[in-house]
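Peer 1:
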Amino acid sequence: MRDFTTHTYRLLLKSALDAGYKALMVEDYVRGKFREGEKIFILRQDADRMPFNALKMAKLQHDMGVRSTYYFRVLESYHEPVMRGIVDLGHELGYHYEDVSLCGGDLMRAYDSFRKNLELFRSFYPVVTICMHGSPMSKFDNRILWKKFNYRDDGIIAEPYFDIDFSRVLYITDTGRAWNRTAVSVRDKVQSDYHFNFQSTPDIASRFTAGSLPLHIMHNVHPHRWNDNYLLWMRELVFQNIKNSVKYFISRS
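Take 0 as the starting number for the sequence shown in numbering that gives the first Met the number 0 and just add one per residue.
Right, dumping it as structure tokens:
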């Protein structure tokens, strides 16, 4: 089975739902819209580029009766009709901020940029959660903005890397076009007591079926990685393998 396709994503989501997990947006999880002991599957999409892939995934989720959180960048993925379409399907829209990197580490300029872009995103949706873009080729971690400023002053209730307790939430991410491949992840990783060696998307699905996963899970995917078209699928595979080689050395420098 070819991985990172619509088919394998649907298999994963169906397996989670069949195992009794309740799919939640980041906003709803942070607001505590679940019961004690309930199985929770937090759906998060980082739309880094190829915005129409994000819309396609949003439609699939809508057809399966679930809602997710979509974090869009202000650069490569920003696409007003797509973003409005995702909101119209009932999903949460958030800002995938990278202002520190874009402003060369100047925190004052970065905060002004952040607030300007946040208001732009709020013209589509009442944004209350944000998430940093890893900017792996930049020497700046976009999260350092919050050493000087407080996003709660701007009506933000959560940034997953700060406000999700990953000691009780398993974090699964497809960064590097693999699962929890920390060796090729510069910044998309968390401190956690959970250690799972997932080999593929069907492997994760089988863990849901077996009931071997924790009660609370955050699942982060990048829609541009998921393609049914073979040429697009192969292009992403080759591009990501090259990128992973670069990120491997960056993460160790």
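Where a beta carbon is used, it is the ideal one built from N, C-alpha and C, also for glycine. These numbers come from a predicted model, not from an experiment.
#1: Look up Gln44 in the DSSP assignment and give the residues it is bridged to.
#2: For the putative contact between Ile39 and Lys55, defined by C-beta atoms under 8 Å, what is the C-beta separation to the nearest angstrom?
#3: Kindly list the residues whose CB is nearer than 7 Å to the CB of Met0, restricted to its own chain and excluding five residues on each side of it in sequence; keep chain order.
#4: Give me whichever residues DSSP pairs with His95 in a beta bridge.
#5: Counting only the same chain and skipping the five closest in sequence on each side, list residues whose C-beta sits under 7 Å from that of Ile163.
#6: In three-state DSSP terms, what is Leu169?
#7: Is it right to say Asn196 is buried, meaning 16 or more other beta carbons lie within 10 angstroms of its own, or is it exposed?
#8: What residue from Pro159, Ser166, Phe207, Gly84 has the CA that sits closest to Arg186's CA?
#9: Using CA atoms only, rank isn't needed, just tell me which of Pro50, Ile171, His221 is closest to Ala204.
#10: If you draw a straight line from the alpha carbon of Trp178 to that of Ser199, how long is it in whole angstroms?
#11: To the nearest angstrom, how far is the alpha carbon of Ser166 from that of Tyr193?
#12: Whose C-alpha, out of Asn116, Trp225, Ser122, is nearest the C-alpha of Thr4?
#13: Which parts of the region 187-220 are runs of the alpha helix (DSSP H), unbroken and 4 residues or longer, counting only runs that do not cross its ends?
#14: Could you say which of Lys146, Ala15, Tyr96 lies nearest to Gly64 if we only look at CA atoms?
#15: Mark Gly286 as exposed unless 16 or more other C-beta atoms lie within 10 angstroms of its C-beta, in which case mark it buried.
#16: Mapping the DSSP letters down to three states, classify Ile85 as helix, strand or coil.
#17: Please report how far the alpha carbon of Phe207 lies from the alpha carbon of Thr174, in whole angstroms.
#18: Using the Cα positions of Arg48 and His132, report the straight-line distance between them to the nearest angstrom.
#19: Determine the burial state of Tyr229: buried for a count of at least 16 other Cβ atoms within 10 Å of its Cβ, exposed for fewer.
#20: With a threshold of 6 Å on Cβ separation, who are the neighbours of Glu91 within its own chain once the five nearest residues in sequence on each side are excluded?
#21: Expressed to the nearest angstrom, what Euclidean distance is found between the alpha-carbon atoms of Asn52 and Arg234?
#22: What is the DSSP secondary structure of Ala18, counted as helix, strand or coil?
#23: Enumerate in chain order the residues of its own chain whose CB-to-CB distance from Gly104 is below 6 Å, with the five nearest sequence positions on each side excluded.
#24: Helix, strand or coil: which one does DSSP assign to Ala177?
#25: Looking at C-alpha atoms only, which residue of Arg34, Leu212, Met82, Trp145 is the closest neighbour of Ala46?
Peer 2: This is what the structure holds:
#1: Numbered from its first residue, the sequence shown carries residue 44 at position 45. DSSP output for Gln44 lists Tyr69, Val220 as bridge partner(s).
#2: Within the sequence shown, residue 39 is the residue found at index 40, counting from 1. Within the sequence shown, residue 55 is the residue found at index 56, counting from 1. Their Cβ separation, rounded to whole angstroms, is 25 Å, which puts Ile39 and Lys55 out of contact at 8 Å.
#3: Within the sequence shown, the letter at position 1 stands for residue 0. Same-chain partners within the cutoff: Thr7, Pro201.
#4: Counting from one through the sequence shown, the residue named residue 95 turns up at place 96. His95 pairs with Cys130.
#5: Along the sequence shown, read from residue 1 onward, the residue named residue 163 stands at position 164. Only Met217 meet the Cβ criterion.
#6: Sequence index remark: in the sequence shown, residue 169 carries index 170 (1-based). Three-state DSSP puts Leu169 in a strand.
#7: Here residue 196 is taken as the residue at index 197 of the sequence shown, counted from 1. Exposed: under 16 other Cβ atoms inside 10 Å.
#8: Within the sequence shown, residue 186 is the residue found at index 187, counting from 1. The residue with the shortest Cα to Cα distance from Arg186 is Pro159.
#9: The sequence position of residue 204 within the sequence shown is 205, counting from 1. Among Pro50, Ile171, His221, the Cα nearest to that of Ala204 is on Ile171.
#10: Counting from one through the sequence shown, the residue named residue 178 turns up at place 179. Counting from one through the sequence shown, the residue named residue 199 turns up at place 200. Distance between the alpha carbons of Trp178 and Ser199 is about 7 Å.
#11: Here residue 166 is taken as the residue at index 167 of the sequence shown, counted from 1. Here residue 193 is taken as the residue at index 194 of the sequence shown, counted from 1. Straight-line Cα distance between these residues: approximately 8 Å.
#12: Here residue 4 is taken as the residue at index 5 of the sequence shown, counted from 1. Per the Cα distances, Trp225.
#13: 200-209
#14: For the purposes of this step, residue 64 is taken as residue 65 along the sequence shown, with counting starting at 1. When each option's Cα is compared against that of Gly64, the closest is Ala15.
#15: Limits of the chain in this structure are 0 at one end and 252 at the other, which puts residue 286 out of reach.
#16: As a first step, residue 85 must be located in the sequence shown, where it is residue number 86. Note: Ile85 maps to helix in three-state DSSP.
#17: Stepping through the sequence shown from its first residue, residue 207 is reached at position 208. Stepping through the sequence shown from its first residue, residue 174 is reached at position 175. Approximately 20 Å between the Cα atoms of the pair.
#18: Locating residue 48 in the sequence shown gives position 49, counting from the first residue. Locating residue 132 in the sequence shown gives position 133, counting from the first residue. Taking the straight line from one Cα to the other gives about 12 Å.
#19: The count along the sequence shown starts at 1 and reaches residue 229 at position 230. Exposed, by the Cβ-count rule.
#20: Translated into positions along the sequence shown, residue 91 becomes position 92. Contacts found: Met24, Glu26, Thr68.
#21: Your numbering for residue 52 matches position 53 in the sequence shown. Your numbering for residue 234 matches position 235 in the sequence shown. Each residue's alpha carbon lies about 14 Å from the other.
#22: Numbered from 1 along the sequence shown, position 19 holds the residue referred to as residue 18. Note: Ala18 maps to coil in three-state DSSP.
#23: Translated into positions along the sequence shown, residue 104 becomes position 105. The answer, listed in chain order, is Phe139.
#24: Taking the first residue of the sequence shown as position 1, residue 177 is located at position 178. It is coil, neither helix nor strand.
#25: The residue labelled residue 46 in the question sits at position 47 within the sequence shown. Out of Arg34, Leu212, Met82, Trp145, Met82 has the C-alpha closest to the C-alpha of Ala46.
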